[in-house]
Amino acid sequence: MRKGLIHIYYGDGKGKTTCALGMALRALGNGLRVQLYQFLKDAPSGEIEALKRFERAEVFRAGAGCGKFLWQMDREERETFLAAQRRLLHRACACAVDSRADLLILDEILSAGDAIGPQEILELLSRRAPEIEIVLTGHQAPPALLAAADYVTFLQKQKHPYDRGVSARRGIEY
20 MRKGLIHIYY
30 GDGKGKTTCA
40 LGMALRALGN
50 GLRVQLYQFL
60 KDAPSGEIEA
70 LKRFERAEVF
80 RAGAGCGKFL
90 WQMDREERET
100 FLAAQRRLLH
110 RACACAVDSR
120 ADLLILDEIL
130 SAGDAIGPQE
140 ILELLSRRAP
150 EIEIVLTGHQ
160 APPALLAAAD
170 YVTFLQKQKH
180 PYDRGVSARR
190 GIEY
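Using this note's numbering, you'd call the opening residue of the sequence shown number 20 and step up by one each time.
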């Protein structure tokens, strides 16, 4: 039995999810089972549609985002959204404990601080089946999670078209 390691991709640069999904593609190509849990994201995207085509890949999203950023939501929308994030975490925990996947990707979990704190993530990591490879992504990684990880990659933005008013493009950024 192989030991699963913990990977963190974080920072303000583009590519955190792309790195995680590249790993998913590699795992699927080698016959492994992949589960992707997307926190804070519920908009349609090409990578989600592509992953759904693999029989050994499962995608879980919290939903309840109403197409707004957290700071744009009213109190009721925010509570509904945060509750959906917590339910998604519980589902991911069950996968981690029961070994339902070889690769477990928790996309944007590091940015879900209003719903999911570092202690909850550390609890998931401590309870996981030892053979599961886990990827965490998000903008900031607390020191305790960085210490728990085997791989840490910081992606820093140097330049981005969004800063010039160029919107995300279908097939490239989503």
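Don't be surprised by glycine CBs; every beta carbon is placed ideally from N, CA and C.
From a predicted model like this one, the values you see are computed outputs, not experimental measurements.
In the DSSP secondary-structure assignment, T172 is bridged to Y28. Our two residues, L141 and P161, have alpha carbons roughly 11 Å apart in a direct line.
Around the Cβ of Y170, a 10 Å sphere holds fewer than 16 other Cβ atoms; the residue is exposed. Here T156 is not near A76, since their CB atoms are 8 Å or more apart. Distances from the CA of K33 to each of E66, K178, G190, L70 were compared; the closest alpha carbon is that of K178. About 43 Å separates the Cβ atoms of V185 and A148, ruling out a contact at the 8 Å cut-off. Spatial neighbours of R52 in its own chain (CB-CB distance under 6 Å, excluding positions within 5 residues in sequence) are listed in chain order as R75, A120, D121. Distances from the alpha-carbon of S118 to those of L143, K71, T172, L59 put L143 closest. Excluding sequence positions up to five before and after L165, its CB lies within less than 6 Å of the CB of V171, all in the same chain and listed in chain order. I27 and R189 have their C-alpha atoms roughly 26 Å apart. Y56 counts as buried, since at least 16 other C-beta atoms from the protein chains shown sit within 10 angstroms of its C-beta.
The residue from M42, E68, D31 with its alpha-carbon nearest to that of Y193 is E68. Of the residues assessed, Q104 falls on the buried side of the cut-off, its CB having 16 or more other CB atoms within 10 angstroms.
Boundaries of the beta strand (DSSP E) harbouring I124: 122 to 126, taken from the DSSP string.
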